[in-house]
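Okay, structure first, notes after.
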Amino acid sequence: MYGEWLVLINTLYNLAILTFTAKVTRVHVKNTRLLMSSICSSLIAVIGGQMLITIMLSFVILIGIAFQFKIRSFQKQGPIVLVATIVIGGLLTALQPYLKNLSVIHFILICLLVAFGYLVVFYKQWGFVKLERVSGQFVFDTTLKIFDAMIPLSAFVDTGNQCIEPLSGKPVHFVSYTALRSHLPVAIRKALSEWQEADPYDVSMFSADYQRLIRFIHVNTVQQQAVVLGFRFDEWLIKGEPSQVKSNEYIVLTKKAKNFPHSTAAILHFSALSNNS
Numbered sequence: 025m026y027g028e029w030l031v032l033i034n035t036l037y038n039l040a041i042l043t044f045t046a047k048v049t050r051v052h053v054k055n056t057r058l059l060m061s062s063i064c065s066s067l068i069a070v071i072g073g074q075m076l077i078t079i080m081l082s083f084v085i086l087i088g089i090a091f092q093f094k095i096r097s098f099q100k101q102g103p104i105v106l107v108a109t110i111v112i113g114g115l116l117t118a119l120q121p122y123l124k125n126l127s128v129i130h131f132i133l134i135c136l137l138v139a140f141g142y143l144v145v146f147y148k149q150w151g152f153v154k155l156e157r158v159s160g161q162f163v164f165d166t167t168l169k170i171f172d173a174m175i176p177l178s179a180f181v182d183t184g185n186q187c188i189e190p191l192s193g194k195p196v197h198f199v200s201y202t203a204l205r206s207h208l209p210v211a212i213r214k215a216l217s218e219w220q221e222a223d224p225y226d227v228s229m230f231s232a233d234y235q236r237l238i239r240f241i242h243v244n245t246v247q248q249q250a251v252v253l254g255f256r257f258d259e260w261l262i263k264g265e266p267s268q269v270k271s272n273e274y275i276v277l278t279k280k281a282k283n284f285p286h287s288t289a290a291i292l293h294f295s296a297l298s299n300n301s
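Those letters in the sequence shown? Residues 25 to 301, per the working numbering, in order.
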């Protein structure tokens, strides 16, 4: 009876790990195939004991039946199965001293709940890390030329930023005011401090030279649609493969830049991807 329990427990663990691996690697595998792989691997592991050759054979069977006996399967799914097995095995080993007084049924149920729960958390975290890694490919080193200053900025290309200047249809980018503040002329900083969001079309505090660079940009916020000031810049070098230079487009200075992705100082219009894909 003890052997049957071991086979059952190993089968359920294997099934959970294989399901997790299939989800992570986005491979569709029939449940019957996953179950067959789990059972065969468990039987080999239980019957063969803890010998190295048996463990290796069990692992090969687990991967082979579920994801086919191909080299790519062992390269792609193999490491994930191995990591999940080691993590779950270590976690359950650490918990055993606290569960030793439970009945066999309760012990199995708690172990299974812990294993499944951890794999769910692991899967969600895996997706978050993958998303961060992918979105990190949209971060570029840039140099912005505006108001006769050359300003280095880290920037994130946001595919959701489709804001344009309404008259010319040119892209609008968002830049942290804090990152630019020390590079801005004193007259611009003073005028910005006097400009009022409640009366956005009054730009009399800016000199005539600066007024020629200003456009009124309509942006949608959570609460309402707002009118903000856009400033035309001279050039913006975006370093990538290949690099590109944007010119005579617009930036909006924002004081709410704490949540910019990857702690960047600017959010570029999605058109910045056109030459960096």
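Every residue gets a Cβ at the ideal spot worked out from N, C-alpha and C, and that includes glycine.
Proximity of residue i and residue j at Cβ, strictly below 9 Å
| i | j | result |
| --- | --- | --- |
| W260 | K194 | no |
| R101 | I87 | Position check: residue 101 holds Gln in this sequence, whereas Arg was assumed. Yes, they are a contact pair. |
| H286 | V163 | yes |
| L32 | L59 | no |
| K270 | A296 | yes |
| I239 | R256 | Note on identity: in this sequence residue 239 is Arg, with Ile being the wrong assignment. Yes; because the gap between Cβ atoms is below 9 Å, this pair is in contact. |
| I12 | S65 | A question about residue 12 goes unanswered here, because the residues of the chain that appear run from 25 up to 301. |
| I241 | V196 | yes |
| V61 | I85 | First, the amino acid is wrong: residue 61 is Ser here, not Val. Taking 9 Å as the Cβ cut-off, S61 and I85 qualify as a contacting pair. |
| F284 | N185 | no |
| L106 | F140 | no |
| S178 | A289 | yes |
| V228 | A211 | Checking the displayed sequence, the identity of residue 228 turns out to be Ser instead of Val. Contact: no. |
| A108 | I41 | yes |
| T183 | K263 | no |
| L81 | I95 | no |
| A215 | Y201 | no |
Identity of the residue in the options nearest residue i by Cα
| i | options | result |
| --- | --- | --- |
| T49 | V70, F98, I85, L76 | F98 |
| Y225 | T278, D165, V31, V251 | V251 |
| N244 | S61, R213, I188, L292 | I188 |
| I104 | T43, I68, L137 | T43 |
| E273 | L76, I71, V199 | V199 |
| W219 | L277, A90, V196 | L277 |
| S206 | F83, G254, P176 | P176 |
| S192 | V227, G254, I134, D165 | G254 |
| N55 | F91, P209, E28, I68 | F91 |
| M174 | L208, T183, Y201, T202 | L208 |
| I71 | E221, N34, S217 | N34 |
| I110 | I79, L133, F93 | I79 |
| I275 | L292, S217, Q249 | L292 |
| A222 | L204, Q249, F171 | Q249 |
| Q258 | E265, L137, D172 | Here residue 258 is Asp; the residue named in the question, Gln, does not match the sequence. Of the listed residues, the one whose Cα sits closest to D258 is D172. |
| I134 | R57, Y37, A203 | Y37 |
Residues sharing a beta bridge with residue i, DSSP
| i | result |
| --- | --- |
| A290 | A179, V199 |
TODO: Entirely within the stretch 233-281 and at least 3 residues each: give me those beta strand (DSSP E) ranges in chain order.
DONE: As far as the stretch 233-281 is concerned, its whole beta strand (DSSP E) runs of at least 3 residues are 238-244, 249-256, 259-262, 268-271, 274-278.
- [ ] Enumerate, from N- to C-terminal direction, the unbroken beta strand (DSSP E) stretches of 3 or more residues contained entirely within the stretch 164-235.
- [x] Here the runs fully enclosed are 173-181, 196-200.
TODO: Pick out the complete alpha helix (DSSP H) segments inside the stretch 26-55, 4 residues or longer, and give them in chain order.
DONE: Counting only runs of at least 4 residues, the stretch 26-55 fully encloses the following alpha helix (DSSP H) elements, listed from N- to C-terminal order: 26-49.
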